[in-house]
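Adding 7 to a residue's 1-based position in the sequence shown gives its number in the numbering used here.
Every residue, glycine too, gets a C-beta built ideally from N, C-alpha and C.
Some notes on the structure that comes next.
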Amino acid sequence: MNITSENPSEPTGLKWLKILVAVLTVTLIIGFLTIVGMFVYRFNSIGDSPVLSPLPDEISLPQGTEIDAFTQAEDWYLILTSENELLIYDRQTNELTQKVIIQNN
């Protein structure tokens, strides 16, 4: 039995396969680090919400109106009534700017 210390020549396709595996590994690492970086950036910016002007102590609603829901944004707040009406108020002037009636089919 003859044991030679020389490496037999590698097939030509094996060299390209090694290069492709190395490129894929680098791409995978860069992609993973990018995703982790995006999560860190996003979670750090959660507390940076806009400062809203305070709501008034009282809101004048039409007589007999019952509130079902309330939501707000930077320049308006919205009240959903039990009569299926949306009342949109301006946040600066506290005046009713729009009234939308929701119709059920």
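Beta-carbon proximity of residue i to residue j, cut-off 7 Å
i, j, result
"Ser89", "Glu73", "yes"
"Asn101", "Pro61", "no"
Residues that DSSP places opposite residue i in a beta bridge
i, result
"Tyr84", "Gln79 and Tyr96"
"Lys106", "Leu94"
Cut-off 6 Å between Cβ atoms - residues of its own chain near residue i, not counting five sequence neighbours on either side
i, result
"Ser12", "Legend: pLDDT at Ser12 = 49, less than 50; position of this residue unreliable, value from coordinates given subsequently. Nothing meets the Cβ criterion."
"Ile109", "Asn91"
Closer than 6 Å: residue i CB and nearest the ligand GDP heavy atom
i, result
"Leu31", "Questions concerning the ligand GDP fall outside what the structure shown contains, since it holds no ligand whatsoever."
Cβ-based neighbour list, residue i, same chain, cut-off 7 Å, excluding 5 preceding and 5 following
i, result
"Pro18", "none"
When the Cβ atoms of the stretch 93-106 are set against those of the stretch 72-85, are three or more pairs found closer than 8 Å? Yes: the two stretches touch, three or more of their Cβ pairs being nearer than 8 Å.
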